[in-house]
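Asks: This is the structure I want to talk about, given as structure tokens.
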Amino acid sequence: MNPEEKHLAELVITKYGHFLEDHEIAHVKESVKDIINNARALRNVDLSNGMEPFSVFSPFVETTECDSGEIHDE
Amino acid sequence: MMSETPIFKSVRELGFRIKSRDISPVEVTKHFLDRLRKYGPEYNSVVTITADLALKQAKSAEDEIFKGEYKGPLHGIPYGAKDLLATSGGIPTTWGAKLFESQTFNYDATVVSKLRKSGAVLIAKLAMVELAGGMGYRQPNASITGPCKSPWDKNTWAGGSSSGSGSAVGCGLVPFAIGSETWGSILSPANNCGISGLRPTYGRVSRYGAMALSWTLDKLGPLALSADDCGLILEAIAGKDHKDPTSSNRKYAYTRDVNRKNKLGVIKGVLDDIDEQVRSNFVTSIKHLEKKFEITEIDLPDMPYQEVTRTIMLAESSSAFEEFTEKGLARNLTAPEDRYGPYARTTVLAKDYIKALRIRGVMAHQVDGIMSKFDALISPTRNTPASPIEDEFRGSITGASRDIMGAAGNALGLPSVSVPNGFTPDNLPTGIQFMGRAFQENKILSIAADFQDDSDWHIQHPAELLPKREP
């Protein structure tokens, strides 16, 4: 395991090791390696500063809808 | 008085016969209740039969139709819901896990409410893989109801995670069902059970009341005997819902879309490392489609499709099941790999999750640019036919199997419909999927419906499940 994998696996074992059997801990270590491999593929993609996450956040405000269907701010 | 059994009849035909009062909703419902009781336990496809509710809803439908208040093609037609959809009235919603076997909700999922408004009759909650397979299961028995079986061979798996939704339709226990897909969970059972399944565009159908596995990947959609039926059902369940802020306000009405470029794309490499009979049936389908379409092999931009989809799923599910994870409740799951699956994913870094969301935007624009030149991209629905029920399978979510089309389609929220396209020498069905641009369900449904107009795979049913003629 490389240092990143090792430290993250230790974090999982520290937090959740009491829920896990020994053979399950071995699987968890493999899963952490897979996750880092995934992350490596993502980290290899160059993106410019302006490329935002592809998700939409909408500020929320309670609105009332009048009969015409128009939305008016409170 | 019913002139013919309603079993294995399409929703469109049943609807027509109900509208014309050739058959009554109560009589139809009783037929399907008998089937559910007889075959449901044998195929492990049912969690709860909602007989009292179904008969009440069927009687209401019958009365309304008698009074001339016909609501449309689903009026009076029974259906089953994957057991991750909230249902009120004390009906359990188990999420496929023993741990939640007594879980109830005091509200209905929006899709259940919409189907009730369209007059459909909720007859059963259907089996599923525990927690929709999100914890990394690798075996068919990862469910409160045991391994769900394919209608075509009880020694093979129905697919997952919408296992019961596929099996129940394929066994003729319900005319249609609702399933969910995060990555493969509608198309896989459609493939293995020899039926049609539609993964709608992300946001087309409200997710309110459905168990959340991955908020930006989860979709709800129909499984039925034909692509045409999937369109009828989608029209009933689609639409904006203020309870799901990601639901789209685009109107949807099902029509056969004949405005086409007559071009289909096949991603290079989709036939690598796949089952030989799956490949053979797909090649035969291509030859058939070439009569109407120009078919071109294409390259998708070199992007980490599977890694993006997997990272998003792992990070979001880790948050969705945070309390479950922190309390060590995974210990109570059935599949050994599900018992440790939730823990490693807590190490996905925020920056990597956000990077996945940023790459997703780049992928969305690039892939749409390519898809705009085609009516659809096509591929075998699954690399293999249904696997033996005792065997571990190679899943895409865990990274054991390559699935670029599924990864891209789900990460980008694109619609795809799977329909049967043949059988293996062992008489197991195989499927072909048509994946379209966002919100172009009518295009892919109409191409798939045309394909089914010219073939009979979807009207073949297992001999042992055909209704016996009454003397």
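Line order of the protein sequences matches chains A and B.
For the first sequence, this note's numbering assigns the number 1 to the initial residue and increments by one for each residue that follows.
For the second sequence, this note's numbering assigns the number 1001 to the initial residue and increments by one for each residue that follows.
Glycine is no exception: its CB is placed at the ideal position from the N, C-alpha and C atoms.
1. If I follow the unbroken beta strand (DSSP E) through asparagine 1421(B), where does it start and stop?
2. Return the CA-CA distance between tyrosine 1107(B) and glutamate 1464(B), expressed in angstroms with no decimal places.
3. Could you give the distance in angstroms between the alpha-carbon of proline 1478(B) and the alpha-carbon of valine 1417(B)?
4. I need the straight-line Cα distance from glutamate 1276(B) to alanine 1054(B), nearest angstrom please.
5. Give the residues from the region 1298-1316 of chain B that approach chain A closer than 9 angstroms (Cβ to any Cβ), ordered along the chain.
6. Starting from aspartate 34(A) and walking both ways along the alpha helix (DSSP H), at which residues does that stretch end?
7. Would you mind telling me which residues of chain B sit closer than 7 angstroms to asparagine 38(A), beta carbon to beta carbon, in chain order?
8. Return the first residue and the last residue of the alpha helix (DSSP H) that proline 1140(B) is part of.
9. Which parts of the region 1279-1318 of chain B are runs of the alpha helix (DSSP H), unbroken and 4 residues or longer, counting only runs that do not cross its ends?
10. Please report the straight-line C-alpha distance between serine 1248(B) and glycine 1239(B), rounded to a whole angstrom.
11. Compare the Cα-Cα distances from glycine 1361(B) to each of Ile1077(B), Gly1413(B), Ala1168(B) and report the closest residue.
12. Counting only Cβ pairs nearer than 8 angstroms, list the residues of chain A close to threonine 1216(B).
13. Is it true that the CB of glycine 1090(B) sits closer than 8 angstroms to the CB of serine 1165(B)?
14. Residues bridged to proline 1078(B) by DSSP?
15. How about arginine 1360(B): is its C-beta nearer than 8 angstroms to some C-beta of chain A?
16. Which residue wins for smallest C-alpha separation from glutamine 1460(B), given the options Pro1151(B), Ala1330(B), Phe1293(B)?
17. So, for glutamate 1326(B): in the same chain, excluding its five sequence neighbours on each side, which residues have a beta-carbon less than 7 angstroms away from its beta-carbon?
18. Please work out which residues of its chain come closer than 7 angstroms, Cβ to Cβ, to isoleucine 1267(B), disregarding the five sequence neighbours upstream and downstream, and give them in chain order.
19. Kindly say whether glutamate 52(A), judged by its beta-carbon, lies nearer than 8 angstroms to any beta-carbon of chain B.
20. Serine 1020(B): which of Asn1044(B), Asp1034(B), Pro1073(B), Leu1445(B) sits nearest, CA to CA?
21. Can you name the residues of chain B whose CB is closer than 8 angstroms to the CB of glutamate 10(A)?
22. If you draw a straight line from the C-alpha of methionine 1001(B) to the C-alpha of valine 1169(B), how long is it?
Replies: Straight from the coordinates:
1. 1416-1423
2. 38 angstroms
3. Coverage of chain B is limited to positions 1001 through 1471, which leaves residue 1478(B) absent and any answer about it impossible.
4. 44 angstroms
5. Met1303, Pro1304, Gln1306, Glu1307, Val1308, Arg1310, Thr1311, Leu1314
6. 22-43
7. Glu1307, Arg1310, Thr1311
8. Unbroken run through proline 1140(B): none, as it is neither H nor E.
9. none
10. 6 angstroms
11. Gly1413(B)
12. Ser55
13. no
14. Val1121(B)
15. yes
16. Pro1151(B)
17. none
18. Ile1298, Leu1300, Leu1377, Ser1379, Ile1404, Met1405
19. yes
20. Pro1073(B)
21. Simply none; closest approach about 10 angstroms.
22. Per-residue confidence for methionine 1001(B) stands at a pLDDT of 46, beneath the threshold of 50, marking its modelled position as unreliable; no derived number is given.
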